[in-house]
Amino acid sequence: MQSSIALFVSALLAYSNLYFLGLFLALAVAEGLGMGFFESIIAKATKNRNAVSVDIGLLHVPMRLAEFISLLYAGIITESVGYVPMFVFSGIFLRSSLFLQCIRSEISEKAMLPN
2 MQSSIALFVS ALLAYSNLYF LGLFLALAVA EGLGMGFFES IIAKATKNRN AVSVDIGLLH
62 VPMRLAEFIS LLYAGIITES VGYVPMFVFS GIFLRSSLFL QCIRSEISEK AMLPN
């Protein structure tokens, strides 16, 4: 659900005028859902651990590094090609990620089925 909202909004956000605020709020909802999922994963990963604070910190580091690097390069690319190509590219990238995730889950399901 979160990915569907983000894909739809990312594609339309570049061309929005009067409805920008609504799309922006929809993107914020999608981001909030994503953070909720991430926090639930962290809660499961650190359950019954001795050093919970250290584990939580270590789990957050890769996400923050990826966020920093992606925003840095997105800003540099946006300065050179403009906003519309970046929004279109982000929509295409998200769609590709969803497609690969679907393929991965189908392969996992087939591997679990008894012969």
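When we follow the numbering used here, the leftmost residue of the sequence shown carries the number 2, and every step to the right adds one. Glycine included, each C-beta is placed from N, C-alpha and C at the ideal position.
Self-check item: Tyr1 in three-state terms, based on DSSP
Solution: With the chain covering 2 to 116 only, the question about residue 1 has no answer from this structure.
Quiz item: Would DSSP call Arg65 helix, strand or coil?
Solution: Counting from 1 along the sequence shown, the entry for residue 65 is found at position 64. Residue state, collapsed to three classes: helix.
Quiz item: Do the CB positions of Ala15 and Phe88 come within less than 9 Å of each other?
Solution: Numbered from 1 along the sequence shown, position 14 holds the residue referred to as residue 15. Numbered from 1 along the sequence shown, position 87 holds the residue referred to as residue 88. In contact: Ala15 and Phe88 (Cβ atoms closer than 9 Å).
Exercise. Starting from the C-beta of Ala46, find all residues in its chain whose C-beta is less than 8 Å away, skip the five residues before and the five after it, and write them out in chain order.
Key: Position 45 of the sequence shown, counted from the first residue, corresponds to residue 46. Excluding sequence neighbours, Ala46 sits near Asp56 and Leu60.
Practice problem: Would you mind sorting Val82 into buried or exposed? The rule is 16 or more other CB atoms within 10 Å of its CB. | Solution: Here the question's residue 82 lines up with position 81 in the sequence shown. Counting Cβ neighbours within 10 Å, Val82 comes out exposed, since fewer than 16 surround it.
Exercise. For Ser11, I'd like the list of residues in its chain whose CB is within less than 8 Å of its CB, leaving aside the five on either flank, ordered along the chain.
Key: For this step, residue 11 is matched to residue 10 along the sequence shown. For Ser11, where only same-chain residues beyond five positions count, the Cβ hits under 8 Å are Leu28, Phe88, Ser91, Gly92 and Leu95.
Quiz item: Cβ of Leu8 within 9 Å of Cβ of Leu99?
Solution: Taking the sequence shown and counting its residues from 1, one reaches residue 8 at position 7. Taking the sequence shown and counting its residues from 1, one reaches residue 99 at position 98. Yes. Within cutoff.
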